[in-house]
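J.: Dropping a structure here in C-alpha cells format, bear with me for questions.
Next comes the structure, spelled out in C-alpha cells:
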C-alpha cells in the first residue's frame, strides 16, 4: 500500500521537541517529520494535477486536497521552511507550454494576481505572438493549478499539457504565503453564459460572479501590459455549437 | 430447522435479455450457530450481467448525446455493472438499484404463499431500464457520467410506482407500471395490427380487454435538467409529496414534480471568489415529517438544519451541528476524515445520523454541540491514513442507514465488510458479503479484524484487507429485518433468521 506513516502525520509545533512519530527514535523527529510533510505535500500536488481527466473532477476531493496543501503550507510558513524561489529559475517554460496556456486567454486573471516574477517577461510585447495573449513564461508558470476549478481548461490539459511537479513547486515557492488561493480560479460558469462567450470575454473568469454581464464589466478595464485576446478559432467553434443547438 | 437447499443464484445474459428467474429449490440459507446481532442469513445474491455493448437503441433527442462506446474503453465494460445506489420503496416490496452504466434494476419481493413459506424474502427482477445515458458537454469538453448517483422512491399513490433517479447533472422521474391486459377486437385493424380495408367490414364489434403476459414498463415522465453546474450528490423527496430537492457540491435546488423548467435555489454556498472555496455540500435530506425542514452536511464535518419558512434562500441555518475537534487526534488528515459522506434522518425525525470516514454519529436535533452517540466503524485504519490518502481510499463515500425502528444502524467498510450497531444494547457486529464465505446452510459469521499482536484463527489482519472491495451502499427494509448490500456488481439480500 505504499509508504505508511505511523498514526498519520501529526502536526508538530516548532518549539515542541516531542517525538511525533511513535515508531521513530526520539532524536529523529524533526527532520523526518519535515521529510514526511514534504512528501505529503508532493503527493497532494500530484493529486491536484491528476484532476484533469476526461470527466469533470470531483470537487469535494479537490477541495479537501487543496485544504490539506494549505494546511501544510501554513505550517511550513510558521516553521520558516517555506522558501521563496528566485524569479529567474521560473523562466524556463518550453514554448509549446506557452502556446497551450494562452488558448483560453487566462492572462487577464494572471495579471491581476500576484506577480513576483513579472520582471522576467517584460521584454515581450503583446503583438509578438499574433492571435494569442502574450504572457511571459514566468506567468504561465505561476498558476499551473489555476485550472484546478476551471473546467474549461481541461481541454488544453487533455491535449497533453502535463505540468511537472517541479514547475508546480517553483510556482508555489515563488509566491508569498496565501498564494495557494491562486490555485483556485473561478469555475467559469460565466464562460457558458451566452453573453460572455459571444462578447469574447471567455477568459475573464477572475470575477467569478457567474454572471455574463458582470464578467463583461470586470474585463472592461483590462490591466496594463497584456491584452486579453481570445483565440478566435475557439470562439467561432463555440458559437457554432450554440447556433446548432 | 436446517434445510438442505442450495442457495439461489441468478445470472444474467445480456443487456437486452431478461434476467433468468430462479430455478431449483429456492430456500434461503440457514444454519445453526448464532452470532452477534441476531442471526443473518443470505437470502439471495443477484449478479448484474456484464454489459456487452452499450449502444443506445433509442433515438437521440439531444444531439449532444453520443454513443457510449465512443468514450468508453471496452476493457472497462464490466465497470458499468458496479452498483452505485440501492433503495427500498416505502413498503419494502420493491428494491431498486442503479449502476455505473446508467441502468436501473428493480426487484420485487416474492409473494408469500402457504406452500412455499421459505421463499418469502426473496427478490426477483421486476423491471430493468436504461435511466441515463452518457453525455458529452461540448462547451466544457467533458463527459457527463451516466452513473446513477441516487434513487429515491415516491410514496405509492396509485397502481403505478414512481421513482427519481439522478446522475451528476440530470434528475428523472420514472413511472413503472404493469400491463396485464390488452385490447382485442378492433374494427379497423386486425390482430397483427395491419389495417383492414373498410369495404370488407360488415359487422362492428366492441374491443374487449383480454389478459396477456405481465409486462412491466418504465417510462420517463419528467426530466429535470440544466439546473446544476456541479455534481448532484443527493436527492430527497419532501413529505408533502409535491416537491423534492437536489443538491450538488455548492447548491441545493427545490423542484416541484410538475414543473421541469424551473427550480428554486434554496442553498448556495458558492463564494463570490472561487479562490475562497474551502467547503462543499456533501449530502442533503428533507425532514421525514416537517416539509419545511431539511439538513445538509459539509466536507468540514458540519450539519446545518434549515427552515424554508425563514427565507427564500436558506443560507442562514436554523441549527448548526458540529463536534469540537479532539486535539489529541489532530493530523493533516483530520479535516478529510471529518468530511461527512452521508446524512440520514431517523424515521422518527428526532435524530440524524452522519457518516464520516471512520465513524458513524447519531445527533439529537435538539443538541447542536456534539453527537449523542459515536460508533467506530474501522478505527484500525486511523494509523493507515497516509496510505489511504495515497490510494484515494480516504475519499470513499460510505452511506449509512437506519432500520425501521431506528434501533439499529448499518454502514459499510472494506473487504466487503459491513457493520451493524444496536443503539440500545450497544452491541455491534461485522459481517461480510462475499460468495466465498456464504456456505449453504450457514448463517453469516461475524468477522473480526485483528489490530496487532497475535491473530486468531478466524481473524483477518489489517494489512490483509482488500481495499478494492468496499461496501458503500446498503439499504434496510422499512419494516422488516431484510437488508440489501451492494458489493461491486453483486447485490446481496440478507434476512434475519428469526423471521
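Residue numbers (my numbering), protein chains in the order written: chain A, 230 to 474; chain B, 788 to 1286. Each residue gets a CB set at the ideal place from its N, CA and C atoms; glycine is no exception.
1. Applying the 10 Å Cβ sphere with the 16-neighbour rule, what's the burial state of residue 1036(B)?
2. Measuring straight from C-alpha to C-alpha, what distance separates residue 1252(B) and residue 1020(B)?
3. Anyone know if the C-beta pair for residue 1279(B) and residue 1236(B) falls short of 8 Å?
4. Measuring only the C-alpha atoms, how far is residue 1244(B) from residue 1264(B)?
5. Looking at the secondary structure, which residues open and close the alpha helix (DSSP H) in which residue 276(A) lies?
6. Looking at the unbroken alpha helix (DSSP H) that takes in residue 290(A), where does it start and where does it end?
7. Can we say the region 1142-1157 of chain B touches the region 1097-1114 of chain B, given the rule of at least three CB pairs closer than 8 Å?
8. Between residue 867(B) and residue 1158(B), what straight-line distance do the alpha-carbon atoms span, to the nearest angstrom?
9. Indicate whether residue 830(B) and residue 1120(B) have their beta-carbon atoms separated by less than 8 Å.
10. Are any of the Cβ atoms in chain B nearer than 8 Å to that of residue 285(A)?
11. Going by other Cβ atoms of all chains shown within 10 Å of its Cβ, with 16 needed for buried, is residue 979(B) buried or exposed?
12. Quick one, which residues of the region 288-315 of chain A are near chain B if we go by CB-CB under 7 Å, in chain order?
13. Give me the chain A residues within the contact set of residue 1086(B), using Cβ-Cβ distance strictly less than 7 Å, ordered along the chain.
14. Would you list, in chain order, the members of the region 259-274 of chain A that have their beta-carbon closer than 7 Å to a beta-carbon of chain B?
15. How long is the line joining the alpha carbons of residue 1130(B) and residue 1099(B), rounded to whole angstroms?
16. Taking only runs that begin and end inside the region 876-930 of chain B, name each unbroken beta strand (DSSP E) of 3 or more residues, in chain order.
17. If you follow the beta strand (DSSP E) that residue 1072(B) is in, where does it begin and where does it stop?
18. Distance check for residue 1045(B) and residue 392(A), CA to CA, integer angstroms please.
19. Please state the DSSP three-state secondary structure of residue 1083(B).
20. According to DSSP, simplified to helix, strand and coil, what is residue 1096(B)?
21. What do you get for residue 873(B), buried or exposed, if any count of 16 or more other CB atoms within 10 angstroms of its CB means buried?
22. Out of 1073(B), 884(B), 1001(B), point me to the one whose CA is closest to residue 1277(B)'s CA.
23. To which residues does DSSP link residue 1038(B) through a beta bridge?
24. How would you label residue 309(A), buried or exposed, when you count the other beta carbons within 10 angstroms and need 16 or more for buried?
25. Give every residue of the same chain whose Cβ lies closer than 6 Å to the Cβ of residue 1039(B), excluding the five residues on either side of it in the sequence, and list them in chain order.
26. In the DSSP assignment, find the unbroken beta strand (DSSP E) run with residue 1023(B) in it and report its ends.
27. Do you know whose CA, among 918(B), 945(B), 946(B), 973(B), lies nearest residue 956(B)'s CA?
28. Grouping DSSP H, G and I as helix and E and B as strand, with all else coil, what is residue 1061(B)?
29. Rounded to whole angstroms, how far is the Cβ of residue 1182(B) from the Cβ of residue 1261(B), which I believe are closer than 8 Å?
30. From the beta carbon of residue 1123(B), is the nearest beta carbon of chain A less than 8 Å away?
31. Taking the alpha-carbon positions, what's the residue 894(B) to residue 1273(B) distance?
32. Between the alpha carbons of residue 450(A) and residue 1059(B), how many angstroms are there, rounded?
33. Candidates 1023(B), 990(B), 911(B), 909(B): which alpha carbon is nearest residue 975(B)'s?
34. Are the region 1000-1013 of chain B and the region 963-972 of chain B in contact at 8 Å, needing three or more beta carbon pairs?
35. Can we say the region 1180-1194 of chain B touches the region 1122-1136 of chain B, given the rule of at least three CB pairs closer than 8 Å?
36. If you measure between the beta carbons of residue 1073(B) and residue 1025(B), is that distance less than 8 Å?
T.: So, to answer that:
1. By the 10 Å Cβ count, residue 1036(B) comes out buried.
2. Across the structure, residue 1252(B) and residue 1020(B) are spaced so that their CA atoms are roughly 28 Å apart.
3. A distance of 8 Å or more separates the beta carbons of residue 1279(B) and residue 1236(B).
4. Pairing residue 1244(B) with residue 1264(B), the inter-Cα distance amounts to about 34 Å.
5. In this chain, the alpha helix (DSSP H) harbouring residue 276(A) covers 258-278.
6. Looking at the DSSP string, the run of the alpha helix (DSSP H) that includes residue 290(A) is 288-308.
7. Under the three-pair Cβ rule at 8 Å, the region 1142-1157 of chain B counts as touching the region 1097-1114 of chain B.
8. Straight-line Cα distance between these residues: approximately 38 Å.
9. No, the Cβ-Cβ distance between residue 830(B) and residue 1120(B) is not below 8 Å.
10. Yes, residue 285(A) lies at the interface with chain B (some Cβ there is under 8 Å from its Cβ).
11. Exposed: under 16 other Cβ atoms inside 10 Å.
12. For the region 288-315 of chain A, the beta-carbon criterion of a distance under 7 Å to any beta-carbon of chain B is satisfied by 288, 289, 290, 292, 293, 296, 297, 300, 301.
13. Contact note: residue 1086(B) reaches chain A through 289, 292, 293, using a C-beta cutoff of 7 Å and chain order.
14. So the close ones are 269, 272.
15. Each residue's CA atom was taken as its position, placing residue 1130(B) and residue 1099(B) some 23 Å apart.
16. 881-886, 890-896, 910-917, 922-924, all fully within the region 876-930 of chain B.
17. Going by DSSP, residue 1072(B) is part of the beta strand (DSSP E) stretching over 1068-1073.
18. Its pLDDT being 39, under 50, residue 392(A) is placed unreliably by the model, and nothing is read from it.
19. Reduced to three states, the DSSP call for residue 1083(B) is strand.
20. Coil, per DSSP.
21. By the 10 Å Cβ count, residue 873(B) comes out buried.
22. Residue 884(B) is the option with its Cα nearest to residue 1277(B).
23. BP columns for residue 1038(B) point to 1055(B).
24. Residue 309(A) should be labelled exposed.
25. Annotation for residue 1039(B): 1032, 1053, 1054, 1071 place their beta carbon closer than 6 Å to its own, counting only its chain and skipping 5 residues before and after.
26. Per DSSP, residue 1023(B) belongs to the beta strand (DSSP E) from 1021-1024.
27. Here the closest residue by C-alpha is 918(B).
28. Residue state, collapsed to three classes: helix.
29. The pair is not a contact, with the Cβ atoms about 19 Å apart (cut-off 8 Å).
30. Under the Cβ distance rule, residue 1123(B) counts among the residues neighbouring chain A, one pair being separated by less than 8 Å.
31. Computed Cα separation, rounded: 14 Å.
32. Bear in mind that a pLDDT of 43 at residue 450(A), under 50, signals an unreliable position, so the model cannot answer this.
33. Relative to residue 975(B), the option among 1023(B), 990(B), 911(B), 909(B) whose CA is nearest is 990(B).
34. Of all C-beta pairs linking the region 1000-1013 of chain B to the region 963-972 of chain B, three or more are shorter than 8 Å, placing the two stretches in contact.
35. Judged by Cβ distances under 8 Å, the region 1180-1194 of chain B makes contact with the region 1122-1136 of chain B, as three or more pairs qualify.
36. With contacts defined by Cβ atoms closer than 8 Å, residue 1073(B) and residue 1025(B) form a contacting pair.
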